[in-house]
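**Q** Residues in the sequence shown are numbered from 1 upward in steps of one, following UniProt numbering. If you scroll down you'll find the structure; I have some questions about it.
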Amino acid sequence: MPINFLHSIKSTTFQWPSIESQGTLCAKINKQLIFDLHFFPCQELGTSHALFNDGVPSIILMPRKTDQVNLRKGKELIKLKSAWICCGTIENTHWQIPKNVENILVLRFQPADFYSLFNINPAVFLTNPIRNLEDLMSEKWVSIFQAIYQQEIDWKQLNELNERLVVEKSESRFPAILSAAIKHIENRKGAVNVADVLQHLGSGVNSKWLYRNFVNYIGIPPKKYIALQRFIYGYQEYKNNKNAVNAELANLQGYYDYNHFLKDFKRYIGIAPTQYHFD
1 MPINFLHSIK STTFQWPSIE SQGTLCAKIN KQLIFDLHFF PCQELGTSHA
51 LFNDGVPSII LMPRKTDQVN LRKGKELIKL KSAWICCGTI ENTHWQIPKN
101 VENILVLRFQ PADFYSLFNI NPAVFLTNPI RNLEDLMSEK WVSIFQAIYQ
151 QEIDWKQLNE LNERLVVEKS ESRFPAILSA AIKHIENRKG AVNVADVLQH
201 LGSGVNSKWL YRNFVNYIGI PPKKYIALQR FIYGYQEYKN NKNAVNAELA
251 NLQGYYDYNH FLKDFKRYIG IAPTQYHFD
């Protein structure tokens with residue numbers, strides 16, 4: 001999703017596996033299933049905006065069924081339809097925003113529920129973190145999502161989608177220890193490493209268990225998940241304190257030094273932070 005929107009979401013108090021979303025538009029949304037539901041205006045994003053994901057499966061719904069999405073990854077142009085999914089490591093990818101797109105709706109799911117409900121293998125996002133919804137979901141779910149659109153998003157249909165998800169959702173299999181690991185990483189804003197997480201969890205958890213369960217339930221290894229959190233919080237800190245001393249800023253976010261942060265910024269955004277327009 002647009003990185004400024006994720007920045008806004010991550011600025012709120014984090015809880016796992018569910019939170020009370022600010023600005024929720026559908027009162028009946030099941031907080032035990034939907035991780036987050038946000039309605040974002042796009043008028044101030046400009047004509048191009050960097051995309052980023054923190055490892056949480058996110059469905060993006062454009063305002064109209066006929067809307068098309070153009071992404072630019074380096075010199076490559078990627079075309080998507082009105083409903084698309086992002087999850088995992090997104091690098092140097094920018095959304096080319098048309099003037100007639102007023103807003104988008106973002107649904108963020110708890111990973112274990114997302115993969116189980118829609119029968120999606122987490123590995124599909126390892127090589128391609130941004131996909132058309134219809135390319136990954138069964139015909140049943142595609143038709144349900146299409147019913148949300150008449151010409152524009154139908155909020156009654158969105159609530160009916162939620163009710164269908166509630167019926168089909170099985171008992172959560174998300175391990176409590178993994179929840180504790182996620183919460184610790186979030187509380188530290190990514191300023192940890194795998195050894196720190198293992199120490200926090202206690203002697204009953206080893207690195208192989210942690211790696212296996214991160215990959216099985218979230219789709220990416222713990223080291224990569226930590227790196228994504230560290231960057232989005234580093235992005236927040238840099239955006240809010242662009243005049244701070246670089247070394248101090250980097251250390252606050254768990255980076256070795258400013259050059260470490262700079263390397264990540266160029267990797268995920270494509271240019272140096274001093275060249276990037278944060279507004």
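The beta carbon of each residue, even a glycine, is placed where N, CA and C say it ideally should be.
Rounded to whole angstroms, what's the CA-CA distance from residue 284 to lysine 189? Just pull it up for me.
**A** For the chain, the structure presents residues 1 to 279; residue 284 sits outside this window and is missing.
**Q** Taking only three categories from DSSP, how would you classify glutamate 76?
**A** Translated into positions along the sequence shown, residue 76 becomes position 76. Three-state result, glutamate 76: strand.
**Q** Are the Cβ atoms of glutamine 253 and phenylalanine 265 separated by less than 8 Å?
**A** As a working note, residue 253 is residue 253 in the sequence shown. As a working note, residue 265 is residue 265 in the sequence shown. In this structure, phenylalanine 265 does not lie closer than 8 Å to glutamine 253 by Cβ.
**Q** How close, in whole Å, do the beta carbons of threonine 93 and isoleucine 130 come, if the pair is a contact with beta carbons under 8 Å?
**A** Here the question's residue 93 lines up with position 93 in the sequence shown. Here the question's residue 130 lines up with position 130 in the sequence shown. That belief holds up - the Cβ atoms of threonine 93 and isoleucine 130 are roughly 7 Å apart, short of 8 Å.
**Q** From the DSSP output, in three-state form, read off cysteine 26 for me.
**A** Start at 1 with the first residue of the sequence shown, and residue 26 comes out as number 26. Low local confidence applies: a pLDDT of 47 at cysteine 26 is under 50, so the model's placement there is unreliable, with the coordinate-based value given in what follows. If DSSP states are grouped into helix, strand and coil, cysteine 26 belongs with coil.
**Q** Give the secondary structure of isoleucine 9 by DSSP, where H, G and I count as helix, E and B as strand, and everything else as coil.
**A** Here residue 9 is taken as the residue at index 9 of the sequence shown, counted from 1. Helix.
**Q** Alpha carbon to alpha carbon, how far is asparagine 259 from valine 142?
**A** In the sequence shown, residue 259 corresponds to position 259, counting from 1. In the sequence shown, residue 142 corresponds to position 142, counting from 1. Distance between the alpha carbons of asparagine 259 and valine 142: 44 Å.
**Q** To which residues of the same chain is proline 221 closer than 8 Å at the C-beta, ignoring the five residues directly before and after it?
**A** Here residue 221 is taken as the residue at index 221 of the sequence shown, counted from 1. Cβ within range, chain order: Tyr211, Phe214, Val215.
**Q** Tell me the start and end of each unbroken alpha helix (DSSP H) in the UniProt domain "HTH araC/xylS-type" (204-279) that is at least 4 residues and wholly inside, in chain order.
**A** Whole alpha helix (DSSP H) segments, 4+ residues: 207-217, 222-240, 246-252, 258-269.
**Q** Enumerate in chain order the residues of its own chain whose CB-to-CB distance from glutamine 236 is below 6 Å, with the five nearest sequence positions on each side excluded.
**A** For the purposes of this step, residue 236 is taken as residue 236 along the sequence shown, with counting starting at 1. Excluding positions up to five away in sequence, the list reads His7.
**Q** Decide if alanine 227 is buried, meaning its Cβ has at least 16 other Cβ atoms within 10 Å, or exposed.
**A** Translated into positions along the sequence shown, residue 227 becomes position 227. With 16 or more other Cβ atoms within 10 Å, it is buried.
**Q** Helix or strand or just coil, what does DSSP make of alanine 50?
**A** As a first step, residue 50 must be located in the sequence shown, where it is residue number 50. Alanine 50: strand per DSSP, three-state reduction.
**Q** Taking DSSP as the reference, what is the three-state secondary structure of leucine 45?
**A** Taking the first residue of the sequence shown as 1, we reach residue 45 at position 45. Coil at leucine 45, not helix or strand.
**Q** Under a Cβ-count criterion, where at least 16 other Cβ atoms within 10 Å of its own Cβ denotes burial, should phenylalanine 278 be classed as buried or exposed?
**A** Reading the sequence shown from its first residue, position 278 is the one you call residue 278. Phenylalanine 278 is exposed by the Cβ-count criterion.
**Q** Classify threonine 89 as buried or exposed, calling it buried when 16 or more other Cβ atoms lie within 10 Å of its own Cβ.
**A** Reading the sequence shown from its first residue, position 89 is the one you call residue 89. Looking at its Cβ environment, which holds 16 or more other Cβ atoms inside 10 Å, threonine 89 is buried.
**Q** Closest by CA to lysine 223, which one among Val124, Asn193, Leu198, Lys208?
**A** Indexing the sequence shown from 1 puts residue 223 at position 223. Of the candidates Val124, Asn193, Leu198, Lys208, the one whose C-alpha sits nearest the C-alpha of lysine 223 is Asn193.
**Q** Roughly how many angstroms lie between the CA atoms of isoleucine 85 and leucine 77, to the nearest whole one?
**A** Along the sequence shown, one-based indexing puts residue 85 at 85. Along the sequence shown, one-based indexing puts residue 77 at 77. Going from the Cα of isoleucine 85 to the Cα of leucine 77 covers about 17 Å.
**Q** Using the beta-carbon count (16 or more within 10 Å), is arginine 173 buried or exposed?
**A** Indexing the sequence shown from 1 puts residue 173 at position 173. Arginine 173 is exposed by the Cβ-count criterion.
**Q** Exposed or buried, which one is aspartate 36 when buried takes at least 16 other CB atoms within 10 Å?
**A** Translated into positions along the sequence shown, residue 36 becomes position 36. Flag for aspartate 36 reads buried.
**Q** State buried or exposed for proline 63, treating a residue as buried only when at least 16 other CB atoms are found within 10 Å of its CB.
**A** Within the sequence shown, numbered from 1, the residue matching residue 63 stands at position 63. Buried: at least 16 other Cβ atoms inside 10 Å.
**Q** Buried or exposed, going by whether 16 or more other CB atoms sit within 10 Å of the CB of valine 197?
**A** Stepping through the sequence shown from its first residue, residue 197 is reached at position 197. With 16 or more Cβ atoms within 10 Å of its Cβ, valine 197 is classed as buried.
**Q** If you follow the beta strand (DSSP E) that valine 106 is part of, which residue opens it and which one closes it?
**A** For this step, residue 106 is matched to residue 106 along the sequence shown. Segment 103-109, the beta strand (DSSP E) holding valine 106.
**Q** Measuring alpha carbon to alpha carbon, tell me which of Lys75, Ala112, Asn70 ends up nearest valine 101.
**A** The residue labelled residue 101 in the question sits at position 101 within the sequence shown. If we check each option's Cα against that of valine 101, Asn70 comes out closest.
**Q** Where does asparagine 53 land, buried or exposed, given buried means 16+ other C-beta within 10 angstroms?
**A** The count along the sequence shown starts at 1 and reaches residue 53 at position 53. Flag for asparagine 53 reads buried.
**Q** Between which two residues does the beta strand (DSSP E) harbouring arginine 131 extend?
**A** Counted from its first residue, the sequence shown places residue 131 at position 131. Looking at the DSSP string, the run of the beta strand (DSSP E) that includes arginine 131 is 130-132.
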